[in-house]
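*Asks:*
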Amino acid sequence: MGNFDLYAPKLVDREEYFSPGHRACQGCGEALAVRLMCKALGKDTVIINATGCMEVVSSLYPTTAWKLPWIHVAFPNAAAVGSGVEAGLKALRRKGRIPDRDVKAVAMGGDGGTLDIGIQALSGAMERGHDLLYVCFDNEAYMNTGIQRSSATPFGASTTTAPPGAVSMGNKTWKKNLPEIMVAHNIPYVATACNSYPLDFINKVQKAKAIKGPSYIHCLSVCPTGWRSPSETCIKMGRLAVETGVFPLYEVENGKYNMTVSMPETLRPIEDYIKHQGRFRHLSPEQIRIFQDRTNLEYKKLLDKIEHSRSWDEISAE
Amino acid sequence: MGERKGMEIALAAAEAVALCKPDVIAAYPITPNTHIPEHLSDIVAEGRLDAEFICVESEHSALSACMGASGAGARAFTATSSQGLLYMAEVMPIASSMRLPIVMALGNRSLSGPLSIWNDHSDIMSQRDTGWISLFAANGQEVIDMMIQAFKIAEDRNVMLPINVNLDGFQLTHVVEVMDFPLQEEVDDFLPIYQPYASLHPDHPCSMGALGLPEIYAEATKAREAAMVNSKETILKVWDEWERHFGRRYDPVQSYKIEGAEIAMLTMGSMSDTAEVAIDALRAQGVPIGLLKLMLWRPFPYDELKKAVKGVKSLIVKDRCVSFGGPGGPVASEIRSALYNEPRRPDITNYIFGLGGRDVAVEDFIKMIDKVRFADKRTPKEHYEFYGVRGE
Ligand SMILES: Cc1ncc(C[n+]2csc(CCOP(=O)(O)OP(=O)(O)O)c2C)c(N)n1
Ligand code: SF4
């Protein structure tokens, strides 16, 4: 398995299922991640897309960037539509009306469409156990409507609805931990990923695809437009998010936590990450310290889970 | 030819849906339609119907799941009422814009508040302009028949639109009636397997639900309007076919004792059957009165209505809904506009009544008719009136 990473580039599908010609901004991490996800999924996939940047940039009628069957219905309901697609395919397959082969339903949405307005539909779909992969492309704000805060927006970030001002520091809340909420749904596979770690992301998508049941991947997707960072720094920014411990890459397989990308012995200071982004420009040293402390705490909590968690199989084998 | 038995109408509706062999059912409970999905889940559990029954977490998801299923090429069904329909509202026009032939049973119920679980038509009227075909049933038999007709109409290649079958909450949903149930072979013969125009499958990928710029939105909307207007032809065809198969006749505007009538009353839904009794009583006294029953609400049957009111001097339109601060009831407003350009149009009186489950008896119809019959022609009349409101 150790060699897999070495050979994996050769195994990545050459086919572009999310084709060039979409209208995402230059250096959009989300578009890159979607493209990688599609390669990992391959042909036998149906994509269900929530309203948001990725839907808007890819489906401008009469063009489409999608080589896979793709449906967009609304902002809050990708997971519910996905439930229906999965159930529909299942019924038609059982009745012999479509070819008898696995076709994976994959729902996707931004952080707004996933953590906020769509969380009810997502929770419902996961709880019901559909054979559905849900991928959240988290660019940490409602980018499609112009950078409003979401519950995934990090502490201190400036957004158009949480702007810093004489009496405001920007966004005052902490990022909602949706991967953890998904783990609490007792689904077999939950992972975090980032557009800057393509092989790690591809591996996770392939793992999730292979599971017969619900799975969830939370992919940090750098948004130069909303983060106020230069387009060409997209990959670097994602790496810094990981190396500072702001967004560690891990997976939870049958309840067992694992780090999937090796972390530095000591984390880089978060300043290395946030200083390149206009959205954090206004933060005071004191605010940066609060952000740093919380990041350290969250990271330790994760390490603790990695060290102490055991998979359901291990627990029940006792 | 069929099987005759007594049953609660909601259960009968479920039996009728099962005869249509839907592939996916997704519904969320809300009184008074609840017995329909409940009974369908029983039918699925017993193995009488091979379908995926999705216990969604909300109505929004119920319709969304139906859209996913229908998009994948499956026959999809849902049911709701009142706030549940409003919770689906976001998705209602998207379903019709995507031309997905989903069928919904709508157990009509008033809207909150005050919270009321009883019948009127304010739920469907709030979703009137979302591009769904709307049928109104007056009794259990019509519920069964329309449920089956609905799939056939919606899935016709010339239509491809979602459709709701309206049945009054409690007055129909919870009433036991003796009805004719078609046999499975008869329904199979009438309703072929759904053949989607396009579906979500990797063997023939397609994109559904694209973004439309101003250059395309108007054209897409006009196309949907054309599909809606043209669907009437298919509806009439399906109803003719229904009569050939099952011997029961359906018309967009059904008339009762309308020959030689100078006064006509127009109703929708379950009150039509009560109204017939009132018409019988007045006809027995020699009053030249008849009844028009609107079975097709969308697309609106303009030609049939104009034909039906020929010779009628006074038309009394009944609404179980109010358009606040507007033209009175939505049905009357529709009918006024439909007849506006007619050279000899009847005088129209609009009564709003039976709201939130208020009982409507035969005497009430007679009182309302008498008020019109004996009205003082010199006093200008209000363009609509609430009937039976206490404290006035
Ligand atoms: C019910 C509803 N409310 C609001 C909107 C407007 N809206 C469209 S996309 C969007 C934000 C999308 O943000 P996110 O899900 O984070 O995705 P991103 O565009 O950032 O990738 C909003 C608020 C909508 N389409 N529907
Ligand atoms: S706003 Fe951000 S997420 Fe949206 S297309 Fe542009 S870079 Fe990508």
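Heads up: the sequence lines are chains X and G, in that order.
With the working numbering as the guide, the letters of the first sequence map in order to residues 7 to 324.
With the working numbering as the guide, the letters of the second sequence map in order to residues 1335 to 1726.
Note that beta-carbon positions come from the ideal geometry of N, C-alpha and C, so glycine has one too.
Would you tell me roughly how many angstroms separate the C-alpha atoms of isoleucine 1497/G and threonine 266/X, rounded to the nearest one?
*Replies:* Cα to Cα, the separation comes out at about 49 Å.
*Asks:* Kindly indicate the opening and closing residues of the beta strand (DSSP E) around histidine 78/X.
*Replies:* Counting along the chain, the beta strand (DSSP E) containing histidine 78/X begins and ends at 76 to 78.
*Asks:* With 16 other CB atoms within 10 Å as the buried threshold, where does glycine 1336/G fall?
*Replies:* Classification for glycine 1336/G: exposed.
*Asks:* Could you name the residues of the same chain whose beta carbon sits closer than 8 Å to that of methionine 60/X, not counting the 5 residues immediately before and after it, in chain order?
*Replies:* Ala30, Glu36, Ala37, Val40, Met114, Gly116, Phe143.
*Asks:* Expressed to the nearest angstrom, what Euclidean distance is found between the alpha-carbon atoms of leucine 121/X and leucine 184/X?
*Replies:* About 7 Å.
*Asks:* Does the Cβ of threonine 1713/G have 16 or more other Cβ atoms within 10 Å, making it buried, or fewer, making it exposed?
*Replies:* Classification for threonine 1713/G: exposed.
*Asks:* Who are the near neighbours of methionine 188/X in its chain, counting only those whose CB is closer than 7 Å to its CB and skipping five residues on each side?
*Replies:* If we look at methionine 188/X and ignore the five residues flanking it on each side, its Cβ neighbours are Met132, Val196, Tyr222.
*Asks:* Output yes or no for whether 8 Å exceeds the beta carbon distance between aspartate 1653/G and asparagine 1684/G.
*Replies:* Yes; because the gap between Cβ atoms is below 8 Å, this pair is in contact.
*Asks:* So, is the C-beta of glutamate 1386/G closer than 8 Å to a C-beta in chain X?
*Replies:* Glutamate 1386/G counts as touching chain X.
*Asks:* Can you determine whether any heavy atom of ligand 2 sits closer than 7 Å to the C-beta of valine 40/X, and answer yes or no?
*Replies:* Valine 40/X: no, Cβ never under 7 Å from ligand 2.
*Asks:* Where are the alpha helix (DSSP H) runs, 4 residues long or more, that stay fully inside the region 18 to 106 of chain X, in chain order?
*Replies:* Complete alpha helix (DSSP H) runs here, min 4: 35 to 47, 59 to 64, 84 to 100.
*Asks:* Cβ of proline 149/X versus every heavy atom of ligand 2: is any distance shorter than 7 Å?
*Replies:* What sits at residue 149/X in the sequence shown is methionine, not proline. Yes - ligand 2 has a heavy atom lying nearer than 7 Å to the Cβ of methionine 149/X.
*Asks:* I'd like the ranges of any beta strand (DSSP E) spanning at least 3 consecutive residues and lying wholly in the region 1447 to 1528 of chain G.
*Replies:* Correct list: 1467 to 1470, 1497 to 1502, 1510 to 1515.
*Asks:* Of all Cβ atoms in chain G, is any one closer than 8 Å to the Cβ of asparagine 238/X?
*Replies:* The question names asparagine, but residue 238/X in the sequence shown is glutamate. No, its Cβ sits nowhere closer than 8 Å to a Cβ of chain G.
*Asks:* Smallest Cα separation from methionine 1542/G: which of Pro1548/G, Leu1534/G, Glu1549/G?
*Replies:* Checked all of Pro1548/G, Leu1534/G, Glu1549/G; the closest Cα to methionine 1542/G is Leu1534/G.
*Asks:* How long is the line joining the alpha carbons of alanine 147/X and phenylalanine 161/X, rounded to whole angstroms?
*Replies:* Approximately 12 Å, taken between the alpha carbons.
*Asks:* Would you mind giving the Cβ-Cβ distance between proline 254/X and leucine 308/X, rounded to the nearest angstrom? I have them listed as a contact below 8 Å.
*Replies:* Confirmed, Cβ separation roughly 6 Å.
*Asks:* By Cβ distance below 7 Å, which residues in the same chain neighbour arginine 99/X in space, the five residues on each side in sequence not counted?
*Replies:* Answer for arginine 99/X: Asp106, listed in chain order.
*Asks:* Does the beta-carbon of asparagine 145/X have 16 or more other beta-carbons within 10 angstroms, so that it is buried, or is it exposed?
*Replies:* Buried, by the Cβ-count rule.
*Asks:* Using a beta-carbon distance below 8 Å, is serine 1395/G in contact with chain X?
*Replies:* Yes, its Cβ sits closer than 8 Å to a Cβ of chain X.
*Asks:* Considering only residues of the same chain and omitting the five flanking positions on each side of serine 1450/G, which have a CB-CB separation below 6 Å?
*Replies:* Cβ within range, chain order: Ser1444, Gly1690.
*Asks:* Could you give the distance in angstroms between the alpha-carbon of lysine 45/X and the alpha-carbon of phenylalanine 24/X?
*Replies:* For lysine 45/X and phenylalanine 24/X, the distance between alpha carbons rounds to 8 Å.
*Asks:* Going along the chain, which residues of the region 1520 to 1536 of chain G sit with their C-beta nearer than 7 Å to a C-beta in chain X?
*Replies:* Going along the region 1520 to 1536 of chain G in chain order, one finds Leu1534, His1535, Pro1536 with a Cβ nearer than 7 Å to chain X.
*Asks:* Using a Cβ cut-off of 9 Å, which residues of the region 74 to 92 of chain X contact any Cβ in chain G, in chain order?
*Replies:* Within the region 74 to 92 of chain X, the residues whose Cβ lies closer than 9 Å to some Cβ of chain G are Leu74, Pro75, Trp76, Ile77, His78, Val79, Ala80, Phe81, Pro82, Asn83, Ala84, Ala85, Ala86, Val87, Gly88, Ser89, Gly90, Val91, Glu92, listed in chain order.
*Asks:* Quick one: measure Cβ to Cβ for serine 1398/G and tyrosine 1362/G, integer angstroms, because I've assumed they're closer than 8 Å.
*Replies:* Serine 1398/G to tyrosine 1362/G, Cβ: 11 Å. No contact.
*Asks:* Mind checking whether proline 1371/G and alanine 1413/G have CB atoms under 8 Å apart?
*Replies:* Yes, the pair counts as a contact, with Cβ atoms nearer than the cut-off.
*Asks:* Should glutamate 1424/G be counted as a contact of ligand 1 given a C-beta to heavy atom distance under 7 Å?
*Replies:* Yes.
*Asks:* Is there a Cβ from chain G that is less than 8 Å from the Cβ of glutamate 61/X?
*Replies:* Chain G, which has a Cβ nearer than 8 Å to the Cβ of glutamate 61/X, makes this yes.
*Asks:* Could you tell me if the beta carbon of methionine 269/X falls within a distance shorter than 7 Å of some heavy atom in ligand 1?
*Replies:* It does not: the Cβ of methionine 269/X is nowhere closer than 7 Å to a heavy atom of ligand 1.
*Asks:* Evaluate contact between the region 1371 to 1389 of chain G and the region 1430 to 1437 of chain G, counting only Cβ atoms and requiring at least three cross-stretch pairs below 8 Å.
*Replies:* Contact between the region 1371 to 1389 of chain G and the region 1430 to 1437 of chain G is absent, because fewer than three Cβ pairs lie under 8 Å.
*Asks:* Does the Cβ of phenylalanine 1485/G lie closer than 7 Å to at least one heavy atom of ligand 1?
*Replies:* No.
*Asks:* With a threshold of 7 Å (Cβ to nearest heavy atom), would glutamate 238/X be considered close to ligand 2?
*Replies:* No, Cβ of glutamate 238/X sits at least 7 Å from all heavy atoms of ligand 2.
*Asks:* How many angstroms separate the CA atom of proline 1664/G from the CA atom of cysteine 1655/G?
*Replies:* Their backbone Cα atoms lie some 7 Å apart in a straight line.
*Asks:* Could you tell me whether the region 239 to 251 of chain X touches the region 152 to 171 of chain X, using the rule of 3 or more Cβ pairs below 8 Å?
*Replies:* These segments do not touch.
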